[in-house]
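S.K.:
Numbering (the working numbering), first residue to last: 424 to 1053.
Now the structure itself:
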């Protein structure tokens, strides 16, 4: 059932390319005119899987509407071995459809003509009203769940009835003969003709060569990821960046912007753009979006509260304080712009919404699709989408996908459900090698960027490259407003790119006795402690890319510290979390150096949730790598 929101996303992408509904330039086309979403459900799965309710709640919401889906419920009155009366609490399997006030047509599956009639009625309803409609096919499973299953073990009475019942082809044939529609001779001829056809196809199967269906049509400009490490120039001309930066906070003359935003968001950004310095995270994101829009790429960002941003930092969607009208400044950069930003504030759902966005990115590689979790921890409600589609889809189906996941993460004293995006789980899903150098061809790109310019280059690289990989971004919370976590405009210029590793600017590398490797915001806290203590024999290297493992970049940086004797991995996450168990074997196997752990001890929960214990842990994770490891 997790495939259903994916199919809706793919349908919406088709409708985007066909310029249907909201994408129609003149409003003459409706969603569903040329692309129809059809979903198939089993009875037990439809009532038992929560993703179905999430998906139905998307069906009439702006930015997720596909003009109504046609739902086919194959109601076999059993779920594997579970009988229907124990598989749900509702009377009908389709009672969930009542939640969105759409019709359900119940039909006896033993009657082919009635099934056809019910299907026609459902289709005509969807065509006229562009809303979901359900067909409940009341039928039964003649054999077991699969070839090896014996259904009489658990459902003996039901299967006694089924085995004594003629098949649908037999009963329908008898009806046609008794009504003089066909003769027995006609039936025999049909059976002989079709059996012959099946035999011919069976014999031809041994020499059949399937058509190549991947990297075709809208994917024809794409290729598989290379078996090498590549660097892509993702910098942008300064004049264009400044144009985008100014436009990103511009509003019509009669627009009533919130007074706080006028001062803190608009005025501050304009100053940073003109000064060409201290660009923050939200500004870098706006520059990435806007530059892609000006290049003709479309950008869609989806998730809970993404227009404003969970942490009130983004504000790509402004609300008139008197009329409550919406203004998206990046859609008004220049009269010649070809690309547009779609801001899809979603329902409070993770699985269906993430599946929907995967479906959109699955279909179209030319645009940038982003899903942001409200907090990184909350993605776990969509674990099925991550495991079944995002991490493994390319391996299973040879279907690339460029979806970006933004997962706010960081230990700042919050509780255990608002601190960790479970980085370790994504790293476990990666097919990065522990013993041989990685290429770009890993199933997941997993990054933990520490500067706004790094984030800018990651977003642009996602569509500039001629191949697609899912991008998991360990996104910031505190860094959004940290005065040290800023970038000059020069770091966005032509010739610049994402750096998988950021080295230390320590004055004399030959004085370094120990090298600390970190990833993410922990760098800033550790560096602040180092500066405070005036330590000059410790280098701190930032590992920005985790998967693929940045072997070459690390080799280059470590070569500067020929007198270093200790190599330490420092993290704010607990030892059984974060990147430690991923980094250690790769560092030791590929670089030939022993790596020492410094950080929190093992725990069952990501964060302690009390300020006193949190402060004690912070002191420990900062002191241990700088002072305590001898």
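Glycine residues also receive a C-beta, built at the ideal position from the N, C-alpha and C atoms.
In chain order, what residues of the same chain have a beta carbon less than 7 Å from the beta carbon of residue 874, not counting five sequence neighbours either side?
M.R.: Here the question's residue 874 lines up with position 451 in the chain shown. Hits under 7 Å: 908, 910.
S.K.: Of all the beta strand (DSSP E) runs that stay within the bounds of the segment 782-857, which reach a length of 3 or more residues?
M.R.: Within the segment 782-857, the complete beta strand (DSSP E) runs of at least 3 residues are 791-795, 827-831.
S.K.: Verify whether the separation of the beta carbon atoms of residue 810 and residue 841 is less than 8 Å.
M.R.: The residue you call residue 810 lines up with position 387 of the chain shown. The residue you call residue 841 lines up with position 418 of the chain shown. Not a contact, by the Cβ cut-off of 8 Å.
S.K.: Taking all protein chains shown into account, do 16 or more other C-beta atoms lie within 10 angstroms of the C-beta of residue 624, making it buried, or fewer, making it exposed?
M.R.: By one-based count along the chain shown, residue 624 stands at place 201. Looking at its Cβ environment, which holds fewer than 16 other Cβ atoms inside 10 Å, residue 624 is exposed.
S.K.: Thinking C-alpha only, which one of 1039, 999, 936 is nearest residue 988?
M.R.: The sequence position of residue 988 within the chain shown is 565, counting from 1. Minimum Cα distance to residue 988 is reached at 936.
S.K.: Are residue 903 and residue 736 close, meaning C-beta to C-beta below 8 Å?
M.R.: Stepping through the chain shown from its first residue, residue 903 is reached at position 480. Stepping through the chain shown from its first residue, residue 736 is reached at position 313. Going by C-beta atoms, residue 903 is nearer than 8 Å to residue 736.
S.K.: Cβ of residue 765 within 8 Å of Cβ of residue 474?
M.R.: Within the chain shown, residue 765 is the residue found at index 342, counting from 1. Within the chain shown, residue 474 is the residue found at index 51, counting from 1. In this structure, residue 474 does not lie closer than 8 Å to residue 765 by Cβ.
S.K.: Rounded to a whole number of angstroms, what is the C-alpha to C-alpha distance between residue 1030 and residue 870?
M.R.: Counting from one through the chain shown, the residue named residue 1030 turns up at place 607. Counting from one through the chain shown, the residue named residue 870 turns up at place 447. About 22 Å.
S.K.: Taking 8 Å as the threshold (C-beta atoms), are residue 778 and residue 425 in contact?
M.R.: Position 2 of the chain shown, counting from 1, holds the residue named residue 425. Position 355 of the chain shown, counting from 1, holds the residue named residue 778. Their beta carbons are under 8 Å apart, which means residue 425 touches residue 778 by this criterion.
S.K.: What is the DSSP secondary structure of residue 619, reduced to helix, strand or coil?
M.R.: Indexing the chain shown from 1 puts residue 619 at position 196. It is helical.
S.K.: Check each candidate in 651, 912, 433 and name the one with the smallest Cα separation from residue 698.
M.R.: The count along the chain shown starts at 1 and reaches residue 698 at position 275. It is 912 whose Cα lies nearest to the Cα of residue 698.
S.K.: Would you report the Cα separation of residue 829 and residue 897, rounded to the nearest angstrom?
M.R.: Sequence index remark: in the chain shown, residue 829 carries index 406 (1-based). Sequence index remark: in the chain shown, residue 897 carries index 474 (1-based). When rounded, the distance between both Cα atoms is 6 Å.
S.K.: Go through the segment 515-564 residue by residue and report every complete run of the alpha helix (DSSP H) that reaches 4 residues or more, in order.
M.R.: The segment 515-564 contains these whole alpha helix (DSSP H) runs: 535-552.
S.K.: Using CA coordinates, which residue listed in 1010, 1016, 439 is at the minimum distance from residue 860?
M.R.: Within the chain shown, numbered from 1, the residue matching residue 860 stands at position 437. Residue 1010 is the option with its Cα nearest to residue 860.
S.K.: Between the Cα of residue 1051 and those of 843, 1038, 1028, 1020, spot the shortest distance and give me the residue it belongs to.
M.R.: In the chain shown, the residue the question calls residue 1051 occupies position 628. Here the closest residue by C-alpha is 1020.
S.K.: Across the segment 748-758 and the segment 785-801, are there enough close Cβ pairs to call them in contact, namely three or more that are closer than 8 Å?
M.R.: Touching, no, given that fewer than three Cβ pairs across the two stretches are closer than 8 Å.
S.K.: Check whether the Cβ atoms of residue 1048 and residue 939 lie closer than 8 Å to each other.
M.R.: Your numbering for residue 1048 matches position 625 in the chain shown. Your numbering for residue 939 matches position 516 in the chain shown. A contact, by the Cβ cut-off of 8 Å.
S.K.: In the DSSP output, which residue or residues are listed as bridge partners for residue 1020?
M.R.: Within the chain shown, numbered from 1, the residue matching residue 1020 stands at position 597. Paired residue(s): 992.
S.K.: As a quick exercise: from 1003, 564, 852, pick the residue whose alpha carbon is nearest that of residue 1058.
M.R.: Residue 1058 lies beyond the range of the chain shown here (424 to 1053); nothing can be said about it.
S.K.: Determine the burial state of residue 555: buried for a count of at least 16 other Cβ atoms within 10 Å of its Cβ, exposed for fewer.
M.R.: For the purposes of this step, residue 555 is taken as the residue at position 132 of the chain shown. It counts as buried.
S.K.: Under the DSSP definition of a beta bridge, which residues are partnered with residue 462?
M.R.: Here residue 462 corresponds to residue number 39 of the chain shown, with the count starting at 1. Residue 462 pairs with 494.
S.K.: Drop a sphere of 10 angstroms on the beta-carbon of residue 644, count the other beta-carbons inside from all chains shown, and report buried for 16 or more, exposed for fewer.
M.R.: In the chain shown, counting from the first residue as 1, residue 644 sits at position 221. Burial call: exposed.
S.K.: What three-state label does DSSP hand residue 435 in the structure shown?
M.R.: In the chain shown, residue 435 corresponds to position 12, counting from 1. Three-state DSSP puts residue 435 in a helix.
S.K.: Return the Cβ separation of residue 839 and residue 1032 in integer angstroms, given the expectation that the two are a contact with Cβ distance under 8 Å.
M.R.: One-based indexing of the chain shown puts residue 839 at position 416. One-based indexing of the chain shown puts residue 1032 at position 609. That belief holds up - the Cβ atoms of residue 839 and residue 1032 are roughly 6 Å apart, short of 8 Å.
S.K.: To which residues of the same chain is residue 516 closer than 8 Å at the C-beta, ignoring the five residues directly before and after it?
M.R.: For the purposes of this step, residue 516 is identified with residue 93 of the chain shown, where counting begins at 1. Hits under 8 Å: 466, 469, 470, 496, 498, 507, 559.
S.K.: In three-state DSSP terms, what is residue 505?
M.R.: Here residue 505 refers to the residue found at position 82 when the chain shown is read from its first residue. In this structure, residue 505 counts as strand in the three-state DSSP scheme.
S.K.: Measure the alpha-carbon distance for residue 884 versus residue 991 and round it to whole angstroms.
M.R.: Sequence index remark: in the chain shown, residue 884 carries index 461 (1-based). Sequence index remark: in the chain shown, residue 991 carries index 568 (1-based). Between residue 884 and residue 991, the C-alpha separation is close to 30 Å.
S.K.: To the nearest angstrom, report how far apart residue 712 and residue 722 are at their CA atoms.
M.R.: Your numbering for residue 712 matches position 289 in the chain shown. Your numbering for residue 722 matches position 299 in the chain shown. About 7 Å.
S.K.: Buried or exposed: where does residue 770 fall if 16 or more other Cβ atoms within 10 Å of its Cβ makes it buried?
M.R.: Residue mapping note: residue 770 aligns to position 347 of the chain shown, counting from 1. Label assigned to residue 770: exposed.
S.K.: Please classify residue 750: does DSSP put it in a helix, a strand, or coil?
M.R.: Here residue 750 refers to the residue found at position 327 when the chain shown is read from its first residue. It is a strand residue.
S.K.: May I have a chain-ordered list of the beta strand (DSSP E) segments no shorter than 3 residues that lie completely inside the segment 907-986?
M.R.: Entirely contained in the segment 907-986, the beta strand (DSSP E) runs reaching 3 residues are, in chain order, 937-941, 961-966, 968-970.
S.K.: For the structure I just gave you, are there three or more beta carbon pairs, one from the segment 959-975 and one from the segment 918-927, closer than 8 Å?
M.R.: Result yes; three or more Cβ-Cβ pairs closer than 8 Å.
S.K.: Let me check understanding here. Comparing Cα to Cα, which of 959, 914, 607, 665 lies closest to residue 933?
M.R.: If you number the chain shown from 1, residue 933 lands on position 510. Minimum Cα distance to residue 933 is reached at 959.
S.K.: Who are the near neighbours of residue 955 in its chain, counting only those whose CB is closer than 8 Å to its CB and skipping five residues on each side?
M.R.: Counted from its first residue, the chain shown places residue 955 at position 532. Nothing meets the Cβ criterion.
S.K.: In whole angstroms, what separates the C-alpha of residue 792 from that of residue 724?
M.R.: On the chain shown, residue 792 is found 369 positions in, with the first residue counted as 1. On the chain shown, residue 724 is found 301 positions in, with the first residue counted as 1. Roughly 6 Å separates the two Cα atoms.
S.K.: So what does DSSP say about residue 1052, is it helix, strand or coil?
M.R.: Your numbering for residue 1052 matches position 629 in the chain shown. DSSP places residue 1052 in coil when its eight states are reduced to three.
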